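Heads up: take any position in the sequence shown, counting from 1, add 84, and you land on the numbering used here.
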Amino acid sequence: MAGDREFDIIVYGATGYTGRLVAEYLAQQYAGAATPTWAMAGRSADKLASVRDEIGAPANTPLVVADVGDPASIDAMAKRAKVILTTVGPYQLYGEPVVAACAANGADYVDLSGEVAFMYDMIAKYDAQAKETGARIVHSGGFDSIPFDMGVYFLQQHAIAKLGAPLPRIRGRVRSMNGTFSGGTFASGAATMAAVAKNPELLNVLRNPFALADGFEGPEQPHGMAAMEEPDLGWVGPFVMATINTRNIHRSNKLMGHIYGADFVYDEMMCTGPGEKGQKIAEGLAKAGGGFGDVKDPPKPGEGPSKEEREAGNYDVVFIGEAADGTLLKAVVTGDKDPGYGSTSKIIAEAAMCLIEDVADKPGGVLTPAPIFSDAIIKRLRERAGLTFELES
């Protein structure tokens, strides 16, 4: 890990929609605190200054000019901070220069990537170097995939303590999710489709539940793309983030020495309710292929939900585990803001703080949340970020 640096955290992309929320969170949550020392980074000093003033950050908050089109500026930025927190996506278009600079300079890194092909490439290209330099490269540090990765971890830790063994099967079910998507989310999806059109072999990566598990191939997994009725939950349909979260969770299991077992089976779906209404919604999700559905006028990058919409949002995810003897255990993760932005901005900020304050002794590599953060991030999210992690009977 980086030793003495000028800053604890640099928020790269601070003039963008989500980066601005992260900077605002740090300015408010850690006002007057000795830690973190932090800076705002982006392409334009004038825009950075304007956002700094608009969000009420201290007038002396440092501003760093950096642009992925200028590799030297990204390298210089990575030398100045312990952690580079980047919200500049789509990551498959703009992420690699930042990963490369952090891996080379031993700086920690956390992003919001839900782009499996990008993460697959970063593991192949930079995992070995990051291990050598001590850089902890953490992908998917927001709503995808921290509540899901840590929800599974939380339930499995309970199972091991109570039953003496992990649960071989867990269902992740989103019971409610109130929020909207920003232009950046749509842009990432469009970039992925463009990449597949250019290189159809990427489909093999995207379709493989173990794509990020370093060559490990586990048991067959539920595809989660069809509507179905479950006795305990009613109708369920495809969940748009499942193809991201499941891959990260299988990588976490692999990186932690298969503490969930080499035969672990996991899937995620969205609860749509009972009866004909629930069935109709679930079938609509399946028809949309687990995507965003029919969005006629998607927002542009830089756009997103209003403050009122973020404040009104929330989510509730239940993890239902079944032991080999049929015993059922449940855990629930909830968030108090809209998942993609109000909650995500708090989650990634606390992930960066966790790297600085709680897990400084852990080794480098291209990582997922559970192996690097473990119980420390759960504690932070409970205390500061409006999330709950609870067992449910």
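Ideal placement from N, C-alpha and C gives every residue a C-beta, glycine not left out.
None of these values were measured; they are calculated from a predicted model.
DSSP bridge partner residues for residue i (one or two, in chain order)
i	result
residue 193	168 and 221
residue 450	221
residue 91	165
residue 96	125 and 170
residue 262	398
residue 136	The partner list for residue 136 (beta bridge, DSSP) is empty, contrary to what the question assumes.
residue 253	349 and 406
residue 62	Since the displayed the chain opens at 85 and closes at 477, residue 62 lies outside it and no answer follows.
residue 149	126
residue 475	415
Near the ligand SAH: residue i beta-carbon under 8 Å from a heavy atom
i	result
residue 170	With respect to small molecules bound, the structure shown includes none, and the ligand SAH cannot be examined in it.
6 Å Cβ shell around residue i - same chain, five flanking residues per side excluded
i	result
residue 474	416
residue 321	311, 354, 356, 366, 369 and 370
residue 377	Confidence in residue 377 is poor, its pLDDT being 49 and thus under 50, which makes the residue's placement unreliable; the coordinate value appears in the next sentence. So the list is empty, once near-sequence residues are dropped.
residue 404	255 and 414
residue 90	164
residue 230	431 and 453
residue 110	122 and 433
residue 258	323, 354 and 401
residue 95	103, 106, 107, 124 and 169
Nonlocal neighbours in the same chain, by C-beta distance under 7 Å from residue i, ignoring five residues either side
i	result
residue 331	200, 293, 295 and 296
residue 34	In this structure the chain extends from 85 to 477, so residue 34 is not present and cannot be described.
residue 460	438, 442 and 443
residue 261	399 and 423
residue 178	152 and 172
residue 228	198, 325, 328 and 329
residue 114	120
residue 289	200, 201, 204 and 295
residue 362	318, 319 and 356
When the options are compared against residue i, the one with the closest alpha-carbon
i	options	result
residue 253	303, 269, 246 and 424	303
residue 182	340, 117, 219 and 422	219
residue 464	412, 234, 217 and 291	234
residue 287	314, 204 and 298	204
residue 188	197, 158 and 178	158
residue 457	432, 257, 470 and 180	432
residue 340	384, 307, 112 and 446	446
residue 213	186, 198 and 196	186
residue 100	114, 133, 373 and 279	133
residue 449	135, 129 and 209	209
residue 315	358, 299, 477 and 291	358
residue 466	318, 435 and 373	435
residue 344	308, 408, 150 and 289	408
residue 469	421, 307 and 248	421
residue 305	319, 342, 249 and 347	347
residue 342	135, 318, 139 and 244	244
residue 118	351, 136, 440 and 472	440
residue 196	176, 184, 477 and 392	176
Other residues of its chain near residue i: CB distance less than 8 Å, five sequence neighbours each side excluded
i	result
residue 129	147 and 149
residue 217	187, 188, 189, 190 and 448
residue 373	309 and 322
**Study point:** the stretch 221 to 241 in contact with the stretch 156 to 166 per 3-pair CB rule at 8 Å
**Key:** As far as the Cβ criterion goes, the stretch 221 to 241 does not touch the stretch 156 to 166, which means the pair count is below three.
Review point. Between the stretch 95 to 114 and the stretch 167 to 176, do three or more beta carbon pairs fall short of 8 Å?
Key: Touching, per the Cβ criterion.
Practice item. Please specify which runs of the beta strand (DSSP E), each continuous and at least 3 residues long, are wholly inside the stretch 296 to 363, giving them in chain order. Key: Entirely contained in the stretch 296 to 363, the beta strand (DSSP E) runs reaching 3 residues are, in chain order, 312 to 314, 318 to 322 and 349 to 357.
**Study point:** Segments of 4+ residues assigned as alpha helix (DSSP H) that fall wholly inside the stretch 378 to 418
**Key:** Correct list: 391 to 396.
Practice item. Would you check if there are 3 or more beta carbon pairs closer than 8 Å linking the stretch 207 to 226 to the stretch 452 to 461? Key: Contact between the stretch 207 to 226 and the stretch 452 to 461 is present: 3 or more CB-CB pairs across the two stretches fall below 8 Å.
Practice item. Determine contact between the stretch 324 to 340 and the stretch 384 to 403, defined as no fewer than three beta-carbon pairs at a distance below 8 Å. Key: Under the Cβ criterion (8 Å, minimum of three pairs), the stretch 324 to 340 does not count as touching the stretch 384 to 403.
Review point. Unbroken beta strand (DSSP E) runs of length 3 or more, entirely within the stretch 265 to 292: which are they?
Key: Given a length threshold of 3 residues, the stretch 265 to 292 has no whole run of the beta strand (DSSP E) inside it.
Review point. Can you find at least 3 beta carbon pairs, one from the stretch 188 to 196 and one from the stretch 392 to 407, that sit closer than 8 Å?
Key: Counting C-beta pairs with one atom in each stretch, the stretch 188 to 196 and the stretch 392 to 407 have fewer than three that are closer than 8 Å, which means they do not touch.
Review point. Looking at C-beta atoms only, is the number of pairs between the stretch 146 to 157 and the stretch 117 to 133 that lie closer than 8 Å three or more?
Key: Result yes; three or more Cβ-Cβ pairs closer than 8 Å.
Check your understanding: What are the complete alpha helix (DSSP H) segments, minimum 4 residues, inside the stretch 103 to 130?
Key -> Correct list: empty.
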